[in-house]
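Engineer: The structure follows.
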């Protein structure tokens with residue numbers, strides 16, 4: 001046996017070293033991505049409508065805004081000359097379709113000789129500046145859109161190709177920044193898909209590296225404090241680090257794209273791997289201390305701990321797989337990837353750590369290292385407490401449960417997009433600037449569909465659209481609204497000496513038809529952005545302030561109610577669409593999907609535990625300390641006034657998947673004691689002494705492991721780290737206090 005195991009040990013080590021080398025060569029192929037569509041609810045009718053809408057009009061986030069500031073105001077000739085040069089140069093940037101600014105746009109003017117144009121800003125005539133500013137204010141067409149109300153900044157608006165990826169975004173932004181520098185425009189803010197893509201992916205890369213380093217150092221320190229043996233610590237760290245390397249390499253080979261959730265992978269792999277290592281190492285060292293030879297001890301440990309650890313790994317993986325119930329692709333991908341990672345960690349620990357442990361001389365493992373008598377004393381005192389005060393523990397559990405339900409009742413879903421941005425970052429500052437000085441970032445898209453016998457180019461439809469446009473102006477959260485009516489208003493104004501009073505839809509059908517011919521001749525391309533080819537759908541777009549999903553729901557309802565009660569529904573129908581409303585719909589599904597997913601996971605784990613323990617009472621007992629931590633996680637959100645949003649849904653899967661591990665280890669050791677003929681009390685004492693220590697240590701590692709997320713610049717990551725940390729401590733307390741009470745009460 002010794003020879004066979006020795007050969008197997010060498011083969012295992014060699015195989016894992018080879019796999020690790022291959023994985024390291026694949027890390028350069030890891031893909032990072034960020035796309036709002038990852039957070040769209042699948043199989044949703046509004047998503048299907050939006051996809052069809054995009055086919056007609058393109059995406060609603062294909063823009064990049066560059067706001068350039070100047071003191072005391074933008075009406076300085078040198079500044080305007082530089083900004084105009086920048087604007088003109090931007091037309092040639094790669095991935096730019098259109099470029100607009102106040103220095104390149106002009107007012108049309110109808111004369112007896114035809115149309116001519118007037119510059120909005122007379123760059124070369126400083127005496128005209130104040131008149132130009134008054135004209136801009138009178139029109140109100142450009143204020144808070146291409147220039148702020150204090151004229152302290154001016155915007156270059158770029159229309160980009162649809163769905164720019166990370167590389168394309170980088171190319172465009174490099175061009176923008178280089179041009180700004182060339183033209184001495186040093187004070188600026190940027191907003192748009194390309195900027196978000198670049199910033200979020202860069203954050204993901206930094207976060208993955210930072211959490212890996214910090215969590216690794218933390219695991220090393222804790223293992224050193226626990227085992228006080230450098231060889232054992234190095235074996236553990238090497239095994240855990242290799243499991244992370246294998247996992248990341250596997251993701252690269254599979255072509256998986258790492259999204260905003262990827263920051264959790266290093267922490268998950270490190271702490272899940274550490275938990276497995278501690279349970280195996282503790283068992284092995286204890287058996288060596290009892291005088292068993294190395295090979296006999298490892299076989300006994302693998303038989304005793306290996307199956308239990310496999311069960312905990314499977315249940316943890318199931319916890320993550322429950323995320324498949326989410327309608328969000330990003331959450332589904334995270335669930336599958338995390339489940340794969342948990343299993344990779346298990347097999348690495350069992351085969352590699354086991355092989356490395358038996359490679360060390362026994363004196364390196366147990367020389368001066370023994371389970372502290374203090375551990376045994378404290379754990380037995382805890383067991384005594386559960387025996388002497390069962391009523392107090394049950395009463396405390398009931399009160400705790402009621403408080404959890406209260407907290408869950410307080411959960412809200414009024415989520416603001418800004419919360420997803422890196423704290424104290426350039427992108428967050430730029431986002432705030434546009435929120436305060438311009439119309440906002442969230443795109444608003446409204447589809448106006450004509451009824452049969454009508455086309456959206458008809459005067460009657462234009463009048464209905466105008467009703468809606470007037471209503472939209474009354475909603476403070478909405479700005480920069482544009483529609484197919486805009487060209488007709490501009491032409492009407494051009495026919496009346498560019499008088500701002502005539503910036504409105506022509507009052508009669510004959511004038512409208514005349515203006516329509518001019519529009520089709522002069523701005524046909526621009527009209528195509530607002531009218532479908534078959535002239536059955538008209539587009540209204542604008543920008544929304546990031547005021548929270550609940551507040552925006554009120555805005556959406558106001559638009560829908562107005563459309564159904566104040567507009568002629570025999571002529572048109574109105575539907576709100578766009579990426580913004582699709583993202584907001586997430587909150588509608590999160591609670592439902594969470595409950596469904598956790599219910600399925602709970603049932604599946606219940607079946608596994610019932611099969612393993614072959615005791616329905618133990619199965620029922622195991623449910624209580626695993627449901628309560630999930631309720632507690634929800635209550636923390638409620639009490640801390642943290643809105644529930646897509647990324648926070650992983651909290652419940654992580655808590656559910658990991659919290660059940662402690663319960664399985666505790667009940668597994670208790671069941672083993674009972675099958676060995678021990679009395680109930682003796683089995684509980686043995687469980688506390690032999691398993692309690694490992695549970696406490698792994699929970700400490702889990703606690704500080706997830707607290708590493710507090711170093712994140714990503715607010716949702718910090719929130720998730722905090723909630724999971726305190727919740728897993730709660731799960732341990734419930735296992736050590738409530739489980740013994742339930743076992744004594746319900747198991748005869």
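Residue numbers (UniProt numbering): 1 to 748. Glycine residues also receive a C-beta, built at the ideal position from the N, C-alpha and C atoms. It should be emphasised that the depicted structure is a prediction, and the values quoted were computed from it without experimental measurement.
Between residue 342 and residue 531, what straight-line distance do the alpha-carbon atoms span, to the nearest angstrom?
Structural biologist: On the chain shown, residue 342 is found 342 positions in, with the first residue counted as 1. On the chain shown, residue 531 is found 531 positions in, with the first residue counted as 1. Straight-line Cα distance between these residues: approximately 51 Å.
Engineer: Let's test the definition: count the other Cβ atoms within 10 Å of the Cβ of residue 764 and tell me whether it reaches 16, buried, or not, exposed.
Structural biologist: Because residue 764 is not part of the residues shown, which for the chain are 1 to 748, the question remains open.
Engineer: DSSP on residue 68, reduced to helix/strand/coil?
Structural biologist: As a position in the chain shown, residue 68 is number 68, starting the count at 1. Strand.
Engineer: Pick out whichever of 143, 200, 670 has its Cα sitting closest to the Cα of residue 712.
Structural biologist: Locating residue 712 in the chain shown gives position 712, where the first residue counts as 1. Among 143, 200, 670, the Cα nearest to that of residue 712 is on 200.
Engineer: Closest to residue 242 by CA distance: which of 17, 425, 698 is it?
Structural biologist: For the purposes of this step, residue 242 is taken as the residue at position 242 of the chain shown. Ranking 17, 425, 698 by Cα distance to residue 242 puts 17 first.
Engineer: If we require 3 or more residues per run, which beta strand (DSSP E) segments fall completely within the region 48-101?
Structural biologist: 63-69, 96-100
Engineer: Take the Cβ of residue 97 as the centre, count every other Cβ of all protein chains shown within 10 Å, and call the residue buried at 16 or more, exposed below.
Structural biologist: Taking the first residue of the chain shown as 1, we reach residue 97 at position 97. Residue 97 should be labelled exposed.
Engineer: I'd like to know whether the C-beta atoms of residue 495 and residue 110 end up nearer to each other than 8 Å.
Structural biologist: Sequence index remark: in the chain shown, residue 495 carries index 495 (1-based). Sequence index remark: in the chain shown, residue 110 carries index 110 (1-based). The answer is yes: Cβ separation under 8 Å.
Engineer: Does the Cβ of residue 409 have 16 or more other Cβ atoms within 10 Å, making it buried, or fewer, making it exposed?
Structural biologist: As a first step, residue 409 is located in the chain shown; it is residue number 409 there, counting from the start. Flag for residue 409 reads exposed.
Engineer: Counting only runs of 4+ residues fully inside the region 139-220, write out the alpha helix (DSSP H) ranges in chain order.
Structural biologist: 166-182
Engineer: So which of 680, 543, 176 has the shortest CA-CA distance to residue 83?
Structural biologist: Translated into positions along the chain shown, residue 83 becomes position 83. For residue 83, the nearest C-alpha among the options comes from 176.
Engineer: Determine which residues share a DSSP beta bridge with residue 464 and list them.
Structural biologist: Taking the chain shown and counting its residues from 1, the one referred to as residue 464 is at position 464. The partner list for residue 464 (beta bridge, DSSP) is empty, contrary to what the question assumes.
Engineer: Less than 8 Å between the CB atoms is what I'm expecting for residue 655 and residue 682, so what's the real figure, rounded?
Structural biologist: Numbered from its first residue, the chain shown carries residue 655 at position 655. Numbered from its first residue, the chain shown carries residue 682 at position 682. Contact annotation, residue 655 with residue 682: C-beta distance approximately 32 Å; criterion of less than 8 Å not satisfied.
Engineer: What does residue 137 pair with, by DSSP beta-bridge criteria?
Structural biologist: Residue 137 sits at position 137 when you count from the first residue of the chain shown. According to DSSP, which records beta bridges pairwise, residue 137 is partnered with nothing at all.
Engineer: Use the C-beta contact count for residue 112: other C-beta atoms within 10 angstroms, 16 or more gives buried, fewer gives exposed.
Structural biologist: As a first step, residue 112 must be located in the chain shown, where it is residue number 112. Exposed.
Engineer: Considering just the uninterrupted stretch of the alpha helix (DSSP H) at residue 437, what are its terminal residues?
Structural biologist: Numbered from 1 along the chain shown, position 437 holds the residue referred to as residue 437. It spans 426-437 - the alpha helix (DSSP H) in which residue 437 sits, taken as one unbroken run.
Engineer: Alpha carbon to alpha carbon, what distance is there between residue 429 and residue 302?
Structural biologist: What you label residue 302 is simply residue 302 of the chain shown in a count that begins at 1. What you label residue 429 is simply residue 429 of the chain shown in a count that begins at 1. Cα to Cα, residue 302 sits roughly 54 Å from residue 429.
Engineer: Where does the unbroken beta strand (DSSP E) through residue 114 begin, and where does it stop?
Structural biologist: Position 114 of the chain shown, counted from the start, is the residue given in the question as residue 114. Segment 114-119, the beta strand (DSSP E) holding residue 114.
Engineer: Determine the DSSP secondary structure at residue 541, reduced to helix, strand or coil.
Structural biologist: Working through the chain shown from its first residue, we reach residue 541 at position 541. If DSSP states are grouped into helix, strand and coil, residue 541 belongs with the strands.
Engineer: Which residue marks the beginning of the beta strand (DSSP E) containing residue 444, and which one marks its end?
Structural biologist: The sequence position of residue 444 within the chain shown is 444, counting from 1. Counted as a single uninterrupted DSSP element, the beta strand (DSSP E) harbouring residue 444 occupies residues 442-450.
Engineer: Suppose you measure from the CA of residue 169 to the CA of residue 220; what does that come to, to the nearest Å?
Structural biologist: Translated into the one-based positions of the chain shown, residue 169 becomes position 169. Translated into the one-based positions of the chain shown, residue 220 becomes position 220. Roughly 39 Å between the two C-alpha positions.
Engineer: Are the CB atoms of residue 160 and residue 172 nearer to each other than 8 Å?
Structural biologist: Taking the first residue of the chain shown as 1, we reach residue 160 at position 160. Taking the first residue of the chain shown as 1, we reach residue 172 at position 172. Cβ distance < 8 Å, so residue 160 and residue 172 count as in contact.
Engineer: For residue 539, which residues from the same chain have a beta carbon less than 6 Å from its beta carbon, with the 5 sequence-adjacent residues on both sides left out?
Structural biologist: Reading the chain shown from its first residue, position 539 is the one you call residue 539. Excluding positions up to five away in sequence, the list reads 57, 530.
Engineer: Rounded to the nearest angstrom, what separates residue 513 and residue 504 at their Cα positions?
Structural biologist: Reading the chain shown from its first residue, position 513 is the one you call residue 513. Reading the chain shown from its first residue, position 504 is the one you call residue 504. Distance between the alpha carbons of residue 513 and residue 504: 15 Å.
Engineer: Ignoring anything shorter than 4 residues or poking outside the region 644-690, list the alpha helix (DSSP H) runs there in chain order.
Structural biologist: Whole alpha helix (DSSP H) segments, 4+ residues: 649-675, 680-687.
Engineer: What's the C-alpha gap between residue 620 and residue 232?
Structural biologist: Along the chain shown, one-based indexing puts residue 620 at 620. Along the chain shown, one-based indexing puts residue 232 at 232. Taking the straight line joining both Cα atoms gives about 38 Å.
Engineer: Would you kindly check if the distance between the Cβ of residue 693 and the Cβ of residue 390 is under 8 Å?
Structural biologist: For the purposes of this step, residue 390 is taken as the residue at position 390 of the chain shown. For the purposes of this step, residue 693 is taken as the residue at position 693 of the chain shown. With contacts defined by Cβ atoms closer than 8 Å, residue 390 and residue 693 do not form a contacting pair.
Engineer: Identify whether residue 256 lies in helix, strand or coil by the three-state DSSP scheme.
Structural biologist: Sequence index remark: in the chain shown, residue 256 carries index 256 (1-based). Residue 256: coil per DSSP, three-state reduction.
Engineer: For residue 194, which residues in the same chain have their Cβ closer than 7 Å to its Cβ, ignoring the five residues on either side in sequence?
Structural biologist: The residue labelled residue 194 in the question sits at position 194 within the chain shown. If we look at residue 194 and ignore the five residues flanking it on each side, its Cβ neighbours are 64, 160, 164, 169, 172, 173.
Engineer: Count the other CB atoms, across all protein chains shown, that sit within 10 Å of the CB of residue 24; report buried if there are 16 or more and exposed otherwise.
Structural biologist: In the chain shown, counting from the first residue as 1, residue 24 sits at position 24. When all chains shown are included, residue 24 counts as exposed.
Engineer: Is residue 574 closer than 8 Å to residue 563 when the C-beta atoms are compared?
Structural biologist: Locating residue 563 in the chain shown gives position 563, where the first residue counts as 1. Locating residue 574 in the chain shown gives position 574, where the first residue counts as 1. A Cβ-Cβ contact shorter than 8 Å links residue 563 with residue 574.
Engineer: Could you check what DSSP says for residue 109 in three-state terms: helix, strand or coil?
Structural biologist: To locate residue 109, count along the chain shown from 1; it is residue 109. Strand.
Engineer: Label residue 94 either buried or exposed according to how many other C-beta atoms from any shown protein chain fall within 10 Å of its C-beta, with 16 as the threshold for buried.
Structural biologist: Here residue 94 refers to the residue found at position 94 when the chain shown is read from its first residue. Answer is exposed; the Cβ neighbour count stays below 16.
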